[in-house]
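Trainee: Take a look at the following structure, please.
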Amino acid sequence: MSGCRKRCKREILKFAQYLLRLLTGSLHTDSVEDELEMATVRHRPEALELLEAQSKFTKKELQILYRGFKNECPSGVVNEETFKEIYSQFFPQGDSTTYAHFLFNAFDTDHNGAVSFE
1 MSGCRKRCKR EILKFAQYLL RLLTGSLHTD SVEDELEMAT VRHRPEALEL
51 LEAQSKFTKK ELQILYRGFK NECPSGVVNE ETFKEIYSQF FPQGDSTTYA
101 HFLFNAFDTD HNGAVSFE
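Put into structure tokens, the structure is as follows:
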């Protein structure tokens, strides 16, 4: 099982335990917000150290970039059309669609029409 699947399974189990405690009354209502915050599932790149070495960004810089990516693409992947829309924000005075198309194809190494942060 991959690291992401294990992490997702663990977070789902934590959330299920939270729901069970809520339904059985063993959860104190003043801690509901804290429990929900802890139960939030977050997808994180599995090989942060590898990304750090390959990109020469620091761990902190990668975390900031990843948060921005997740804000724009909550699913963790972006298709070409969305990529072009995001990229055009960096060049509002001109048409960046052609260059964005080439960049997207360079990032989409498996040619499945989607790019993840990794």
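Counting in the UniProt record's numbering, the sequence shown runs from 1 upward without gaps. All residues carry an ideal CB built from backbone N, CA and C; glycine is no exception.
Please report how far the alpha carbon of residue 82 lies from the alpha carbon of residue 68, in whole angstroms.
Mentor: Distance between the alpha carbons of residue 82 and residue 68 is about 14 Å.
Trainee: Per the DSSP calculation, residue 195 is bridged to which residue(s)?
Mentor: Beyond the ends of the chain as shown, which are 1 and 118, falls residue 195; an answer cannot be given.
Trainee: At which residues does the alpha helix (DSSP H) containing residue 70 begin and terminate?
Mentor: 59–72 is the span of the alpha helix (DSSP H), which, as asked, contains residue 70.
Trainee: What whole-angstrom Cβ distance do residue 104 and residue 76 have, given they're in contact under 8 Å?
Mentor: So it is not a contact: roughly 16 Å between Cβ atoms.
Trainee: Take residue 114 and list the residues in its own chain whose beta-carbon comes closer than 8 Å to its own, dropping the five residues that flank it on each side.
Mentor: Cβ neighbours of residue 114 beyond the five flanking positions: 77, 78, 79 and 108.
Trainee: From the DSSP output, in three-state form, read off residue 83 for me.
Mentor: If DSSP states are grouped into helix, strand and coil, residue 83 belongs with the helices.
Trainee: Counting only the same chain and skipping the five closest in sequence on each side, list residues whose C-beta sits under 6 Å from that of residue 49.
Mentor: Excluding positions up to five away in sequence, the list is empty.
Trainee: What do you get for residue 99, buried or exposed, if any count of 16 or more other CB atoms within 10 angstroms of its CB means buried?
Mentor: When all chains shown are included, residue 99 counts as exposed.
Trainee: My output table needs one value for residue 121: the three-state DSSP class, helix, strand or coil.
Mentor: Residue 121 falls outside the range modelled here, since the chain spans only 1 to 118, and no answer is possible.
Trainee: Can you tell me the Cα-Cα spacing of residue 52 and residue 65, whole angstroms?
Mentor: So the two alpha carbons sit approximately 12 Å from each other.
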